[in-house]
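Student: Handing you this structure, nothing more for now.
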Amino acid sequence: MTTRGRTITSRIRHWYGANPLHLLALLAAFALAGYAVRAVIAAGQFRGFALWFAVAIVGHDLLLFPLYSLADLSVQRLLPWGSSRKRTRPAPAGQVPGPPLINYVRIPAGFSLLLLLAFFPLILGLSEPEYHRASGLTTQPYLWRWLAVTGVLFAASAVSYALAWRRAAARARKQQAAAVAARTRAQQTPHAAPDVPSPVAPRATFDVWPPARQPHRPDSPDLR
Amino acid sequence: MRRAAQIRRNGHQRRDGRRRHALAASAAAEYHRASALARRAADAARHPADHPPPGPFRPGIWRSPLRGLWLTSILAVVLLAGLIVLAVTGLLSYAAYDPLLPGNDQTPGAGLLHFYLFSWPTHPSWLYRVDQGVHITLGLALLPVVLAKLWSVLPRLFAWPPVRSLAQILERVSLIMLVGGVLFEFATGILNIQNYYVFPFSFYTAHLYGAWVFIAGFVIHVALKFPRMVTGLRSRRLRRELRTPLAETRPEEPDPGETETAEPGGGLRAAHPRAPTISRRGLLAAIGGASLTLGGLVVGQSIGGPARRTSLFGPRGLSATAPHYLPVNRTAASIGLTAADVGPGYRLTLIGTRTVTLTQAQLLALPQHAVELPIACVEGWSVSCQWTGVRLADLARLAGMPDPAAAQVDSIQQVGAFKTAVLSAGQVADPQSLLAVTLNGRVLPRDHGYPARTIIPNAPGVHNTKWVNKITFLKQA
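The listed protein sequences correspond, in order, to chains A and B.
Anchor point for the first sequence: position 60 equals 59 in numbering that gives the first Met the number 0, and the numbering is continuous, going up by one each time.
Anchor point for the second sequence: position 88 equals 87 in numbering that gives the first Met the number 0, and the numbering is continuous, going up by one each time.
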């Protein structure tokens with residue numbers, strides 16, 4: 000490129016804020032979209048079209064997103080032993096406390112709500128007249144199916160929670176056994192100098208979940 | 000102990016002295032607070048860019064430790080592939096209606112957007128069925144990915160300052176086409192397959208033109224962001240992420256491109272991330288699981304056979320498995336078909352170089368042929384059936400026009416869309432194209448178009464006209 004060409008490019012870049020190609024590509028995209036919108040106007044359906052475009056964006060960004068975020072935060076706060084930020088449920092002596100419940104609640108709930116979001120016209124029977132006219136069928140079974148699927152999702156979640164708890168308990172028992180073994184070995188070693196501290200394995204604690212299995216790498220920031 | 004001592008000490012002080020002291024202290028605090036506020040306000044007025052308004056504009060409010068360029072890029076690459084398939088299957092579906100034939104075009108204003116159209120073939124006969132099944136099932140399966148992707152980039156909507164250059168203004172406007180387009184297309188498509196016609200426009204018009212607005216936004220977004228996506232994908236190893244449990248899940252590292260791409264607000268990562276409540280692999284598994292759930296509980300209606308029973312939420316899934324029920328999308332009752340319409344007075348008129356009128360008995364006396372062809376609806380469901388009937392090519396010959404350029408098939412149906420369809424020369428000539436009179440070995444049920452309906456290989460369901468009473472063979476299309 001000549002010096003002169005480069006100056007023009009850099010001047011555009013300064014004035015516009017990006018490479019001139021960026022502008023050209025965007026203008027091409029606007030032209031295509033504008034051409035499609037022209038056809039919508041020609042079909043006399045622009046008002047509804049534009050309204051639904053706007054409602055789709057506002058409905059997601061300013062309604063659906065805040066609602067599900069708020070629901071998620073509320074569940075985290077309200078669950079008795081919700082997330083790793085809280086102490087886990089106090090366990091009776093000799094028992095391992097359960098893992099945080101949060102994901103075992105919000106995942107089946109999220110799946111169920113997504114199904115509702117996608118199929119609410121059938122589940123709530125809102126499209127019954129048109130659906131019946133088209134198919135000769137009724138929307139009635141969909142509510143029961145949705146409830147049944149929701150039930151299955153929560154049941155599966157409960158089973159996997161129980162399994163996760165059992166795995167955690169087994170792990171804790173193993174750690175404890177290893178700690179006891181290490182302590183016994185230390186006491187039985189006759190040549191150990193008295194000023195060397197006995198290598199007691201760290202006691203398994205469950206103030207935070209999951210129980211630490213290995214020390215954090217020093218280079219990674221510790222969030223807790 | 001300390002608190003008790005403090006109370007004792009306070010008790011010894013004189014009451015008015017204490018008040019004076021308290022007043023002075025509060026006045027001083029007030030003064031400091033006010034001057035700090037004034038300083039901040041003046042500063043904000045001088046440099047509004049550094050002082051976002053409260054709420055979502057403050058970066059500190061976005062605290063998920065999982066947001067970051069890598070996560071967004073992984074979701075982006077899934078959508079890049081998925082949305083391309085969705086767009087292509089959708090555009091093919093539009094071509095399947097043969098809009099170039101007179102009378103078929105639901106969207107006559109499309110103009111140049113017709114550029115890619117071609118005469119829709121009759122082979123393979125399963126093409127439309129697969130195309131539309133993929134379009135609907137994949138669309139539903141991508142819904143969780145679209146929502147997750149929007150979640151991952153939502154802080155950018157509230158980036159402060161909102162605009163820094165003309166380039167950025169235009170880029171943000173193009174995002175209206177992208178985000179509005181994807182939400183608009185998903186919403187109209189998902190409502191339409193459930194016959195929930197709440198939109199104030201024609202579905203065909205809006206879903207087609209909405210798709211082009213989306214495609215414009217999508218292409219420009221991919222063009223501008225592809226390098227960023229590649230950077231993001233390279234910043235972490237997927238395999239390692241899939242092995243990282245919650246306890247070792249850390250926020251993403253600062254993105255090297257953050258500063259050079261002139262993106263204010265510091266990209267996608269949270270400024271002050273919380274402790275994670277789910278691992279990255281857990282989140283990806285949840286999104287993938289949701290996709291499989293939505294798609295999996297629908298796809299059976301497109302596969303048919305025993306799989307239809309698994310389609311709990313398909314509009315013609317499990318519900319459509321009652322004995323002797325075959326899916327339809329327009330019942331005889333809904334068009335007000337009367338017994339007289341299809342009784343002994345029924346006549347089929349064929350118009351070519353001569354006009355022939357046939358009674359039902361005469362139609363049944365013509366050579367009958369058997370075919371197995373699917374009927375596949377634009378709403379995604381399909382079913383393969385045995386049909387017998389008279390070849391359209393034979394009827395054309397009967398009307399004195401053995402090689403018509405097109406044929407217009409009309410129904411007894413007086414109201415509603417698709418009461419007429421124009422077939423191409425290839426569709427009329429195909430030996431599998433029938434005017435069918437039986438379905439699965441029984442007389443055509445009334446909901447399926449008794450006394451006669453067309454069945455065309457690979458045509459969209461609504462182009463297989465029901466309750467046919469007139470076929471006009473045309474010399475030129």
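C-beta: ideal position from N, C-alpha, C; glycine also.
For a contact meaning CB atoms closer than 7 Å, what does B/Ser173 contact in chain A?
Tutor: In the second sequence, the residue the question calls residue 173 of chain B occupies position 174. By Cβ distance, chain A contributes Leu25 and Ala28.
Student: Considering A/Asn102, what are the terminal residues of the alpha helix (DSSP H) in which it resides?
Tutor: By 1-based counting over the first sequence, the position of residue 102 of chain A is 103. Run containing A/Asn102: Ile101 to Ile122, per the alpha helix (DSSP H) assignment.
Student: Quick one: is A/Val151 buried, meaning 16 or more other Cβ sit within 10 Å of its Cβ, or exposed?
Tutor: Taking the first sequence and counting its residues from 1, one reaches residue 151 of chain A at position 152. A/Val151 is exposed by the Cβ-count criterion.
Student: If B/Ser124 and B/Pro456 are in contact, beta carbons under 8 Å, what's the gap, nearest whole angstrom?
Tutor: One-based indexing of the second sequence puts residue 124 of chain B at position 125. One-based indexing of the second sequence puts residue 456 of chain B at position 457. Taking the Cβ atoms as the reference, B/Ser124 lies roughly 4 Å from B/Pro456, within the contact range of under 8 Å.
Student: Note down, in chain order, every chain B residue with its Cβ under 8 Å from the Cβ of A/Trp51.
Tutor: Position 52 of the first sequence, counted from the start, is the residue given in the question as residue 51 of chain A. Those are Phe183, Ala186, Thr187, Phe198, Pro199, Phe200 and Ala205, listed as they occur along chain B.
Student: So, with DSSP's three-state summary, where would you put A/Pro201?
Tutor: Within the first sequence, residue 201 of chain A is the residue found at index 202, counting from 1. Only weak support is given to the placement of A/Pro201: the predicted model assigns it a pLDDT of 44, under 50, and the value that follows is read from those uncertain coordinates. Three-state DSSP puts A/Pro201 in coil, outside helix and strand.
Student: Which first and last residues belong to the beta strand (DSSP E) in which B/Asn468 is found?
Tutor: Locating residue 468 of chain B in the second sequence gives position 469, where the first residue counts as 1. Val467 to Leu473 is the span of the beta strand (DSSP E), which, as asked, contains B/Asn468.
Student: Could you check what DSSP says for B/Thr248 in three-state terms: helix, strand or coil?
Tutor: Here residue 248 of chain B is taken as the residue at index 249 of the second sequence, counted from 1. Three-state DSSP puts B/Thr248 in coil, outside helix and strand.
Student: Do B/Asp409 and B/Val467 have their C-beta atoms closer together than 9 Å?
Tutor: Taking the second sequence and counting its residues from 1, one reaches residue 409 of chain B at position 410. Taking the second sequence and counting its residues from 1, one reaches residue 467 of chain B at position 468. With contacts defined as CB atoms closer than 9 Å, B/Asp409 and B/Val467 qualify as a contacting pair.
Student: Tell me whether B/Gln407 sits in a helix, a strand or coil according to DSSP, three-state version.
Tutor: As a working note, residue 407 of chain B is residue 408 in the second sequence. Strand.
Student: Classify B/Trp386 as helix, strand or coil using the three-state DSSP reduction.
Tutor: Against the second sequence, residue 386 of chain B aligns to sequence position 387. Residue state, collapsed to three classes: strand.
Student: Excluding the five sequence neighbours on either side, which residues of its own chain have a C-beta within less than 6 Å of the C-beta of B/Ala481, listed in chain order?
Tutor: The shown model of chain B, from 0 to 476, leaves out residue 481 of chain B, and the question about it has no answer.
Student: Can A/Pro120 and B/Leu190 be called in contact, C-beta distance under 9 Å?
Tutor: Here residue 120 of chain A corresponds to residue number 121 of the first sequence, with the count starting at 1. Here residue 190 of chain B corresponds to residue number 191 of the second sequence, with the count starting at 1. Going by C-beta atoms, A/Pro120 is nearer than 9 Å to B/Leu190.
Student: From what residue to what residue does the beta strand (DSSP E) around B/His368 run?
Tutor: In the second sequence, residue 368 of chain B corresponds to position 369, counting from 1. His368 to Ala375 is the extent of the beta strand (DSSP E) around B/His368.
Student: My understanding is that B/Thr204 touches A/Ala42, with C-beta atoms under 8 Å, so please give their C-beta distance in whole angstroms.
Tutor: Here residue 204 of chain B is taken as the residue at index 205 of the second sequence, counted from 1. Here residue 42 of chain A is taken as the residue at index 43 of the first sequence, counted from 1. Correct: roughly 5 Å between the Cβ atoms.
Student: Find the residues of chain A that neighbour B/Asn194, judging by a C-beta separation of less than 7 Å, and give them in chain order.
Tutor: Mapped onto the second sequence, residue 194 of chain B falls at position 195. Within chain A, the residues near B/Asn194 are Ser126, Glu129, Tyr130 and Ala133.
Student: Helix, strand or coil, according to DSSP, for A/Ile11 in the structure here?
Tutor: Here residue 11 of chain A is taken as the residue at index 12 of the first sequence, counted from 1. It is helical.
Student: Does any CB atom of chain E fall closer than 9 Å to the CB of A/Val39?
Tutor: Checking the listed chains, one finds no chain E in this structure; the protein chains it contains are A and B.
Student: Between B/Phe185, B/Thr136 and B/Gln385, which has its C-alpha nearest B/Leu443's C-alpha?
Tutor: Taking the second sequence and counting its residues from 1, one reaches residue 443 of chain B at position 444. Closest by alpha carbon: B/Gln385.
Student: Confirm, please, whether the CB-CB distance from B/Gln193 to A/Tyr130 is below 9 Å.
Tutor: Residue 130 of chain A sits at position 131 when you count from the first residue of the first sequence. Residue 193 of chain B sits at position 194 when you count from the first residue of the second sequence. Yes, these two residues count as a Cβ contact at 9 Å.
Student: Excluding the 5 residues preceding and the 5 following A/Leu22 in the sequence, name in chain order all residues of the same chain whose CB lies nearer than 7 Å to its CB.
Tutor: Taking the first sequence and counting its residues from 1, the one referred to as residue 22 of chain A is at position 23. Answer for A/Leu22: Tyr15, listed in chain order.
Student: Is there a Cβ from chain B that is less than 9 Å from the Cβ of A/Leu22?
Tutor: What you label residue 22 of chain A is simply residue 23 of the first sequence in a count that begins at 1. So, interface residue.
Student: Tell me, please, whether the CB atom of A/Ile7 is closer than 9 Å to any CB atom in chain B?
Tutor: In the first sequence, counting from the first residue as 1, residue 7 of chain A sits at position 8. With 9 Å as the cut-off, A/Ile7 does not count as an interface residue toward chain B.
Student: Excluding the five sequence neighbours on either side, which residues of its own chain have a C-beta within less than 7 Å of the C-beta of B/Leu70, listed in chain order?
Tutor: Numbered from 1 along the second sequence, position 71 holds the residue referred to as residue 70 of chain B. Within the same chain, B/Leu70 has close Cβ partners Ser151 and Arg279.
Student: For a quick check, are the C-beta atoms of B/Leu78 and B/Val144 less than 9 Å apart?
Tutor: Counting from one through the second sequence, the residue named residue 78 of chain B turns up at place 79. Counting from one through the second sequence, the residue named residue 144 of chain B turns up at place 145. In this structure, B/Val144 lies closer than 9 Å to B/Leu78 by Cβ.
Student: Could you tell me whether the segment 104–119 of chain A touches the segment 155–169 of chain A, where touching means 3 or more Cβ pairs closer than 8 Å?
Tutor: yes
Student: In the DSSP assignment, what residue or residues form a beta bridge with B/Thr356?
Tutor: Counting from 1 along the second sequence, the entry for residue 356 of chain B is found at position 357. B/Thr356 is bridged to B/Thr348.
Student: So, is the C-beta of B/Asn328 closer than 9 Å to a C-beta in chain A?
Tutor: Position 329 of the second sequence, counted from the start, is the residue given in the question as residue 328 of chain B. Closer than 9 Å to some Cβ of chain A, the Cβ of B/Asn328 qualifies, so yes.
Student: Closest to B/Thr243 by CA distance: which of B/Ala284, B/Arg273 and B/Gly209 is it?
Tutor: The residue you call residue 243 of chain B lines up with position 244 of the second sequence. Residue B/Ala284 is the option with its Cα nearest to B/Thr243.
Student: Do you know offhand how far B/Ala40's Cα is from B/Val181's?
Tutor: Stepping through the second sequence from its first residue, residue 40 of chain B is reached at position 41. Stepping through the second sequence from its first residue, residue 181 of chain B is reached at position 182. Taking the straight line joining both Cα atoms gives about 40 Å.
Student: Any idea if A/Val57 is buried or exposed, counting beta-carbon neighbours within 10 angstroms, 16 or more meaning buried?
Tutor: Position 58 of the first sequence holds residue 57 of chain A. In summary, A/Val57 is exposed, with fewer than 16 beta-carbon neighbours lying within 10 Å of its beta-carbon over all protein chains present.
Student: Taking Cβ to Cβ, would you say B/Asn328 is nearer than 9 Å to B/Glu371?
Tutor: Translated into the one-based positions of the second sequence, residue 328 of chain B becomes position 329. Translated into the one-based positions of the second sequence, residue 371 of chain B becomes position 372. Note that the C-beta distance between B/Asn328 and B/Glu371 is not below 9 Å.
Student: Quick check on DSSP: helix, strand or coil for B/Ser381?
Tutor: Counted from its first residue, the second sequence places residue 381 of chain B at position 382. Three-state DSSP puts B/Ser381 in a strand.
Student: Check whether the segment 158–170 of chain B touches the segment 98–113 of chain B, counting contact only when three or more Cβ pairs, one atom from each stretch, lie closer than 8 Å.
Tutor: no
Student: If distances are taken between C-alpha atoms only, which option among A/Arg10, A/Arg170 and A/Gln174 comes closest to A/Ala97?
Tutor: Sequence index remark: in the first sequence, residue 97 of chain A carries index 98 (1-based). Per the sequence shown, residue 97 of chain A should be read as Gly rather than Ala. Per the Cα distances, A/Arg170.
Student: Name the chain B residues that come within less than 7 Å of A/Gly97, Cβ to Cβ?
Tutor: Working through the first sequence from its first residue, we reach residue 97 of chain A at position 98. Within 7 Å Cβ-Cβ: nothing; A/Gly97 doesn't reach chain B, min ~15 Å.
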